[in-house]
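Going from the sequence shown to our numbering is simple: count from 1 and add 845.
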Amino acid sequence: AFITGASPSALRAAMMFTSFIIAKVSLRDSDGFTSLCFSAMVLAFINPYVIYDWGFILSFLSVLGIQLFSYFFKGLLGFLPEKLSDSISVTMSAQLMTIPAVANMFGYISTYSIFANIVISMIFLWVLYMCFVFIAVSFVPGINWLASVVCTFGLDIVIAVARFFADMPMSTLAIDRFDIVEFVVYYLLAVGFALRKKLSAYFISAAVFACAVLLAVSSLVPISITHKYTVSDESVIFEKSDKTVLLAKDTLWEVKAELDDATAQVVFDDVILTNDVAGQESVLIDMRKAIKKLHIAEKYKDSSLAVVAERMGIEIEHYPPDTDFDKYTAEILK
């Protein structure tokens, strides 16, 4: 896990595997859900802020989905070969549990993920085996080079397959972001379905009715919550039900490139440029339909960027020197 960079998802896998090994050595029964909770508890104890990490959230939700739904989907797909039904059921289970998180993180979901995972899982299994072989022969001259070439070739194939499906027409499906009420209702229904055999029909019916009422009430009384998304290295997008603000700590070039890669169509009510505006005129022209109001420092009020923005009809506001951008952004979001 540390060799791969100690990401939350890698640490989650390492902690789960460790708990399985401890159970096996101590002659106790191992349980996937218990191991998942154990790894979450340990990681949160070491770093409580990990619960805000998208890698942590997606990793744990996907594994939880596999624990809750994979047997159900595998039963439905019993007519298929075992390896194929396993791959499809695991993919569907993980995707079902992560839909709200993925929707709020990216604004879209993958259309061909099931097919891509079937192909990639078959290839990656052999790549994983070759990685173990490479570790075993890593100190043997000549053979280690050949093993590394095979591993690299296999990984290139995996990446090529992923890019092939990503470049296909309609490879992504835009989806509205979930608010807090929709989050709660979605996961209550998901857990209720997973525990349907342990709960009475009356209890499940009452829970579904309560969720329907909660959604109806929340639609009448909209909840305004600010969502925060990191783009490029430091820039941040703040999104509310009625406003979207970009705090651009990098240049607009980096932000636009990342949004283009994510195929995200975002219209910003306010864009705050915190850096030197020189050389950003052309990217501003490219983003002219996505920016309603531009905030730049007072010293740039006569810059060519300001002139270009005014000619394109973009409203401009100048902020003073030594501006606290956190407070400035909070005021705009109000």
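Even glycine gets a Cβ: it sits at the ideal position worked out from N, Cα and C.
Buried/exposed call for residue i, threshold 16 Cβ in 10 Å
i: Pro1166; result: exposed
i: Ile965; result: buried
i: Tyr894; result: exposed
i: Arg1008; result: exposed
i: Pro986; result: exposed
i: Ser871; result: exposed
i: Lys1043; result: exposed
i: Thr936; result: buried
For residue i, the three-state DSSP class (helix, strand or coil)
i: Tyr953; result: strand
i: Thr1096; result: coil
i: Leu922; result: coil
i: Ile959; result: helix
i: Arg873; result: coil
i: Gly910; result: helix
i: Lys1146; result: coil
i: Thr1168; result: coil
One or two residues paired with residue i in a DSSP bridge
i: Glu1160; result: Lys1138
i: Ala1019; result: Tyr953
i: Val1116; result: Leu1091 and Leu1139
Sub-8 angstroms separation of residue i and residue j beta-carbons
i: Ile988; j: Val995; result: no
i: Ser930; j: Leu941; result: no
i: Lys1138; j: Asp1114; result: yes
i: Glu1084; j: Asp1095; result: no
i: Phe792; j: Met860; result: The chain is shown from 846 up to 1179; residue 792 falls before or after that span and cannot be answered.
i: Ala1046; j: Leu913; result: no
i: Ile963; j: Ile954; result: no
i: Ser993; j: Phe979; result: yes
i: Leu1118; j: His1140; result: yes
i: Lys1179; j: His1163; result: no
Same chain, Cβ closer than 8 angstroms to residue i, neighbours up to 5 away in sequence not counted
i: Tyr957; result: Phe1010, Met1013 and Ser1016
Same chain, Cβ closer than 6 angstroms to residue i, five either side skipped, listed in chain order
i: Ala855; result: Ala846 and Thr849
i: Thr1089; result: Phe1113 and Asp1114
i: Leu1097; result: Gln1125 and Val1128
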